[in-house]
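K.L.:
One structure follows; several queries about it will come next.
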Amino acid sequence: MTQQETVHSPAKFLALRGDFTIGRAAEFTAMLRTALESGSPVTLDVQAVVEVDLTFMQLLCAAHRTACELNTTVTISSPWPESVAQQIEQAGFTNRRCPFKLDPGCLWHKEGFR
Numbered sequence: 008m009t010q011q012e013t014v015h016s017p018a019k020f021l022a023l024r025g026d027f028t029i030g031r032a033a034e035f036t037a038m039l040r041t042a043l044e045s046g047s048p049v050t051l052d053v054q055a056v057v058e059v060d061l062t063f064m065q066l067l068c069a070a071h072r073t074a075c076e077l078n079t080t081v082t083i084s085s086p087w088p089e090s091v092a093q094q095i096e097q098a099g100f101t102n103r104r105c106p107f108k109l110d111p112g113c114l115w116h117k118e119g120f121r
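Residue numbers (the working numbering): 8 to 121.
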């Protein structure tokens, strides 16, 4: 996994590239934590993501929940690649309501998920 971080004041912009699976969970967690600790909105560009697993999806949900607690946001700025969108759908993330009642900002239920 490679990533590029560009700061667009005051928001944090993270361009994600490559695989985001359990083998990179600690790295992705640290990247999200650093971005969220800034207190600024976090925007993820996911167009170059190749593969994801359940760990990545859960980390994104946790990041969204943390952002809500911090009065900020995590958003996706680009469409998911088709193969990744299929993985997210197959995992069931697009089929259920947010258990934390965060539906309006849910990363999986927004218009244009695909």
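Each residue gets a CB set at the ideal place from its N, CA and C atoms; glycine is no exception.
All figures in this text were calculated on a predicted structure; none of them were measured in a lab.
When you compare the CB positions of Leu66 and Gly46, do they come within less than 8 Å of one another, or not?
P.N.:
As a position in the sequence shown, residue 66 is number 59, starting the count at 1. As a position in the sequence shown, residue 46 is number 39, starting the count at 1. For Leu66 and Gly46, no; Cβs fall outside 8 Å.
K.L.:
Expressed to the nearest angstrom, what Euclidean distance is found between the alpha-carbon atoms of Ile83 and Pro48?
P.N.:
Taking the first residue of the sequence shown as 1, we reach residue 83 at position 76. Taking the first residue of the sequence shown as 1, we reach residue 48 at position 41. Each residue's alpha carbon lies about 11 Å from the other.
K.L.:
Tell me where the beta strand (DSSP E) around Arg24 begins and ends.
P.N.:
As a working mapping, residue 24 is identified with position 17 in the sequence shown. 18-27 is the span of the beta strand (DSSP E), which, as asked, contains Arg24.
K.L.:
Would Gly112 and Cys75 qualify as a contact pair, given that the criterion is a beta-carbon distance under 8 Å?
P.N.:
Start at 1 with the first residue of the sequence shown, and residue 112 comes out as number 105. Start at 1 with the first residue of the sequence shown, and residue 75 comes out as number 68. Yes.
K.L.:
Return the CA-CA distance between Pro17 and Arg104, expressed in angstroms with no decimal places.
P.N.:
Taking the sequence shown and counting its residues from 1, one reaches residue 17 at position 10. Taking the sequence shown and counting its residues from 1, one reaches residue 104 at position 97. Taking the straight line from one Cα to the other gives about 30 Å.
K.L.:
Under the three-state reduction of DSSP, which class applies to Leu66: helix, strand or coil?
P.N.:
Walking along the sequence shown from the start, residue 66 turns up at place 59. Helix.
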